[in-house]
Structure formats: C-alpha cells, structure tokens
Amino acid sequence: MKESRALPIAVALAILLLLWYAAAVALNWTQANGDLLATMSLAKPLLPAPHQIAVEFWNSTAGQRIDSKRSLIFHAAVTASSMLAGFALGVAIGLLLAILLVHVRVLDRALLPWIVASQTVPILALAPMIVVVFGAAGLTGLVPKAVISAYLSFFPVVIGVAKGLRAPDRLQLDLLHTYDAGRRRVFTVLRWPSAMRFLFPSLKVAIAAATVGAIVAELPTGAESGLGARLLAGSYYGQTLQIWAALAMASLLAASGVGAVVLLERLVIRARGGRL
Amino acid sequence: MSDTTVEARGLDLVFGDVAALSEIDLTVARGDFVSLIGPSGCGKTSLLRVVADLAQPTGGTILVNGTTPHAARLARAYGYVFQAPALLPWRTVERNVTLPLEIIGLPKDERRARACQQLESVGLAAFARKFPWQLSGGMQQRASIARALSLQPSLLLMDEPFGALDEITRDGLNLRLLRLWEATNLTVLFVTHSIEEAAFLSSRIVVMSARPGRIVEVIESDLPRGRDLDIRDDASFHALAHRVRTALRAGHSYG
Chain A
-5 MKESRALPIA
5 VALAILLLLW
15 YAAAVALNWT
25 QANGDLLATM
35 SLAKPLLPAP
45 HQIAVEFWNS
55 TAGQRIDSKR
65 SLIFHAAVTA
75 SSMLAGFALG
85 VAIGLLLAIL
95 LVHVRVLDRA
105 LLPWIVASQT
115 VPILALAPMI
125 VVVFGAAGLT
135 GLVPKAVISA
145 YLSFFPVVIG
155 VAKGLRAPDR
165 LQLDLLHTYD
175 AGRRRVFTVL
185 RWPSAMRFLF
195 PSLKVAIAAA
205 TVGAIVAELP
215 TGAESGLGAR
225 LLAGSYYGQT
235 LQIWAALAMA
245 SLLAASGVGA
255 VVLLERLVIR
265 ARGGRL
Chain B
7 MSDTTVEARG
17 LDLVFGDVAA
27 LSEIDLTVAR
37 GDFVSLIGPS
47 GCGKTSLLRV
57 VADLAQPTGG
67 TILVNGTTPH
77 AARLARAYGY
87 VFQAPALLPW
97 RTVERNVTLP
107 LEIIGLPKDE
117 RRARACQQLE
127 SVGLAAFARK
137 FPWQLSGGMQ
147 QRASIARALS
157 LQPSLLLMDE
167 PFGALDEITR
177 DGLNLRLLRL
187 WEATNLTVLF
197 VTHSIEEAAF
207 LSSRIVVMSA
217 RPGRIVEVIE
227 SDLPRGRDLD
237 IRDDASFHAL
247 AHRVRTALRA
257 GHSYG
C-alpha cells in the first residue's frame, strides 16, 4: 500500500519539477542573454530554478546561527509564535461561537450573517487597522499579529463545529430525552463527540489560515522579523531567491501545523476504536 | 403500584390538520405484552411516543404507572427501543449500555455490573468491548435492548425494533424477546406492522386503522406461555393471525 501511494506522488513531483525548470528557462531567457545554463544560475532571476531555491534555503537555515537575522529558522520561529497564538485564540473563539449558535437560536440568526460577512473583508485591508488600534492601546508585537491570525482561523471552526454539533439525529436526541438528560449532558455525551468528525477538517483549514494570517500580519507592522518581513524585504530589493526560500519555509510551517492536527486526529480516532 | 401500567382515555393527537390519534382508549395491564399493529400512518408510533412523553396529546388523558407520562419519564419508568439501534458509534457496546446509567449518576462499578448482566441477557457478553459498527444489525438492536433494560424499567416501549432486519434474524430476536418477557415481570408495548410478529409475541393485540388513527379492535391471545417458533404452524396461531388480519381489513387498512 505504501509503495503504491509513494509512486504517484513521486511522478507528480517529477512532472512539476520538469515544468518548473522549463518555465525558469523561458522566463529568465532574456535576462540570461539566451544562455541556457545562465538561466538557472542568475543572482536575481525572475523565476529561480528549484535547485537555486534549495541552495538558498539550505544556506539561510543550516548556514546561519539560529538567532541571526539572516536565519530563516529565526524568522520562522517568530511567525510560528503568532501563528500558534492566533490559532489557539481562533479555535477558542470559534468553539465558543459554535456552541452559542447551536444553543441560542436568536444568536444563530443574529450572528451568523456577521460571521460570514467578516470573512468577505480582505484581511490585507483589515490588518493595518488592527495593528493601529491595538498599538493605540499599547499592545504591539505578538498580540495584534495573533489577533489577525485568529481573525482568519476562527471561521472554519465556527462553521464546521456548528454543523457537527447539529449532526446528532432525531433518534439520538429523543433517546437522551427519554433519560431526561439536560442540555449540558446532551452536549458532553452526544453533540461534542458527534462534532469530532467536523472538528478536525476545520482545524486543518484553520491552522493553514492561521499561517497566512501570521504572515500577512507582519507586512503592515514594519516588522523586521518573521517570514512576512522577509518576503517584504526580499521584494523591496528584488531578492527573488530570498522570497522563494521564505515561501518554502512558510509552506513547511503550514504543513507542520496541518501535520500536528493530523497526529492529534489519529490519537482521537484510536481512542474511538478506529473511526471518527 | 397499580395493576395498570398504561391507561389512556379519549386520547387525541393532532398535527396541524392531521389527526394522528383519535379517541384512543387503551389499558395495558402490568405484565402484559401488547402489540400495536396497523398500516403506516395509523398513529401506532405516535401513541408510543405519547406514552414516552416524546409527544404531547392534544386531548384526553393518559396515565403511565399511575402518573403523567412526564413524571414517568423523569422517574425513568420505561425503556425505549427505537426503529434503529441509535447506538453512539464512538462508544463500545458496553459503554453504550451504561450511557443511561451514566446520566442518572450511578457509580462506575454498578454501571459495569448492570451492563454485564444486561449484555448477558441479550447474548452479547462477548461483544462488550466491540464498537457498534463491528456488530451485525441484529446484534446492534440487541445492544439497544440491553441499553433500554439497563435502567431496570417496569415498562419496555418498542417501536418496530426488528423492522429493518431480515426474517431469520427477526425470528431469533422475537424468540429471545418472548423468553425475556416471560422470565421477567416486564410490561411491553410493541409497535409492529407484521401480523406474524404480533401474533407470536403478544398477550394482547391492538389493531389500529389510519386517518384518523383509531383502535379498531383489541384481540386477546390464547396462545400458551412458553411457546416457541413452531407454534406458527399450529391451527391456533393461524386462527389468531386470521382474526388480526380480519380486524385490519375491517379498518379499511388494505388499500
């Protein structure tokens, strides 16, 4: 089974790399004055070749001291801290709202449209205002960044968990009614366990969104550290290699986040006898 | 405790402009096995739900164990077995059976002891640690019966519990249920649309008709206690089934 899964992934990766190299040659052709080898070794290429990104990634991680401003690990750690804080905050808010929506009908009608509307506002427009407002209150650094991150990550949690809490069917609810189980009991023995199936997909989306939020939050703060700052600096100076290396690190960060959620999901599945 | 478990007088239940139940008079004595039989839409499930306080009658009176259905529900006087097993898939069979005991706040040891005893009585002791989806449909329904019995109710309400099962499994479960009823002083109110099932199990058969849901006839069974599945080949069984069929037809239920 493992082999049959690895092969398609390897093939897809090979095709992707091939297309990438082809695109790099095509895009860098003029800059390299029509020299095929030069298209893949420019200092500031329009599109860096994959191996250039790999080298840059290696140099800025393994090749630097971790506390150096040139270290991608340092920047990733800064972004990861606001991403994790934002994720935790977003999940907490998301769960709270979902529980409220399911239990208070008035809130379902009053809040849900606003919750949906909140996600139609471009985060790029909102982020600077959040930074300014929190800055005026004396909160700078992690807090506004975490809030921006939470703003993006609470949404999938509310929608998914609210749906999950409503998943129990009539029969199961009637059953608990015959035992005279109160709302709190219905929640703990029925609604919450039913929501697990919806919670984990939501958490995966939320942690990826939290990563995006954390990076976006670093753009307007004029931050000097973080992957967002690194991206911004890279684009100021046309350092495409730096940008792509930072992008690779950002994907790695999001992927590890999703991986952690998957791990947690596996633990829960095991505790439930193999099914969610 | 009185000798009457369920006592309904002039019971009406109206949903919008549909009369689900009309003028229902029904007495279920303690220790009775009463089947409610009739075509779909005759209100047999509605009647069961009224007894269970899952639906509120719009007219008439009903007493369960001498009190209102509401008080009876709060006293956990009955166990309810639904059409589907309604087991919680994330709980083992044992923990499904202990669910009601957990809700009434019984200590863990007592919960496990009772679950063990009830699973034994439905022949599922060996499956206590399995999850519901690892069991066949018939076994799942047996687990749900064990769950209903774990509260040690005096009344068992069953809503077409074996309707979704194949005939062979259903026969086995019918016999098991009959033995269980004979061995205890349980009162059973059993909804079915199978004439055979009603005739085989019941001490009394309540025949209902639809639109509005009314009781057409109440038939006393003269089949002996301790009967087994072979009785279905007996003349007495055929005569009983015939009476039920005739009563159903009289209620214009074939059509």
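Order-wise, the sequence lines are chains A and B.
In terms of my numbering, the first sequence has 11 at position 17, counting the first letter as 1, and numbering is strictly consecutive.
For my numbering, add 6 to where a residue sits in the second sequence, where the first one is 1.
Cβ atoms here follow ideal geometry from the backbone N, Cα and C, with glycine treated the same way.
If you're wondering where the values come from, they're calculated on a predicted model, not measured in any experiment.
Residue i at chain A interface by Cβ criterion, 8 Å
i, result
"residue 95 of chain B", "yes"
"residue 92 of chain B", "yes"
"residue 63 of chain B", "no"
"residue 80 of chain B", "yes"
"residue 113 of chain B", "no"
"residue 259 of chain B", "Note on residue 259 of chain B: pLDDT 47, under 50, position unreliable in the model; the coordinate value appears next. False, the Cβ-Cβ gap to chain A never drops below 8 Å."
Interface residues of chain A facing residue i [CB-CB closer than 8 Å]
i, result
"residue 88 of chain B", "165, 168, 169"
"residue 58 of chain B", "172"
"residue 167 of chain B", "Within chain A, no residue comes near residue 167 of chain B; the closest Cβ sits about 12 Å away, beyond 8 Å."
Nearest residue (CA-CA) to residue i, options the options
i, options, result
"residue 25 of chain B", "B:34, B:15, B:47", "B:47"
"residue 181 of chain B", "B:78, B:207, B:60", "B:207"
"residue 84 of chain B", "B:145, B:50, B:196, B:147", "B:196"
"residue 214 of chain A", "A:29, A:162, A:139", "A:139"
"residue 96 of chain B", "B:161, B:81, B:139", "B:139"
"residue 63 of chain A", "A:79, A:223, A:121", "A:223"
"residue 229 of chain B", "B:70, B:184, B:15, B:82", "B:184"
Chain B within 8 Å of residue i, Cβ atoms only
i, result
"residue 183 of chain A", "yes"
"residue 187 of chain A", "yes"
"residue 172 of chain A", "yes"
"residue 76 of chain A", "no"
"residue -5 of chain A", "Since pLDDT at residue -5 of chain A reaches only 48, below the 50 mark, its modelled position is unreliable, and the value read off the structure follows with that caveat. No, its Cβ sits nowhere closer than 8 Å to a Cβ of chain B."
Proximal residues of chain B, C-beta to C-beta of residue i below 7 Å
i, result
"residue 179 of chain A", "109"
Within chain A, the residues that residue i reaches when beta carbons sit closer than 9 Å
i, result
"residue 137 of chain B", "266, 267, 268, 269"
"residue 263 of chain B", "The requested residue 263 of chain B is not part of the displayed model; chain B covers only 7 to 261."
Interface residues of chain B facing residue i [CB-CB closer than 8 Å]
i, result
"residue 175 of chain A", "109"
Nearest-angstrom Cβ-Cβ length linking residue i and residue j, presumed shorter than 8 Å
i, j, result
"residue 202 of chain A", "residue 248 of chain A", "5 Å"
"residue 45 of chain B", "residue 56 of chain B", "No, residue 45 of chain B and residue 56 of chain B are not in contact; Cβ-Cβ is about 19 Å, not under 8 Å."
"residue 244 of chain A", "residue 205 of chain A", "7 Å"
"residue 157 of chain A", "residue 194 of chain A", "Wrong, their Cβ atoms sit about 13 Å apart, outside the cutoff."
"residue 143 of chain B", "residue 171 of chain B", "6 Å"
"residue 69 of chain A", "residue 221 of chain A", "5 Å"
"residue 41 of chain A", "residue 17 of chain A", "6 Å"
Residue interval of the alpha helix (DSSP H) (run including residue i)
i, result
"residue 223 of chain B", "Unbroken run through residue 223 of chain B is the beta strand (DSSP E), 220 to 226; no alpha helix (DSSP H)."
"residue 245 of chain A", "234 to 265"
"residue 46 of chain B", "Note, residue 46 of chain B: premise wrong, no alpha helix (DSSP H); not H, not E."
"residue 129 of chain A", "117 to 130"
"residue 83 of chain B", "Here residue 83 of chain B belongs to no alpha helix (DSSP H), and DSSP marks it neither H nor E."
"residue 210 of chain B", "Run containing residue 210 of chain B: none in the alpha helix (DSSP H); it sits in the beta strand (DSSP E), 210 to 215."
"residue 212 of chain A", "186 to 212"
"residue 30 of chain B", "First-last for residue 30 of chain B: 24 to 35, but that is the beta strand (DSSP E), not the alpha helix (DSSP H)."
"residue 105 of chain A", "99 to 112"
Continuous beta strand (DSSP E) stretch holding residue i: start and end
i, result
"residue 196 of chain B", "193 to 198"
"residue 17 of chain B", "10 to 21"
"residue 66 of chain B", "65 to 70"
Where residue i meets chain A, residues with beta-carbon distance less than 7 Å
i, result
"residue 105 of chain B", "183"
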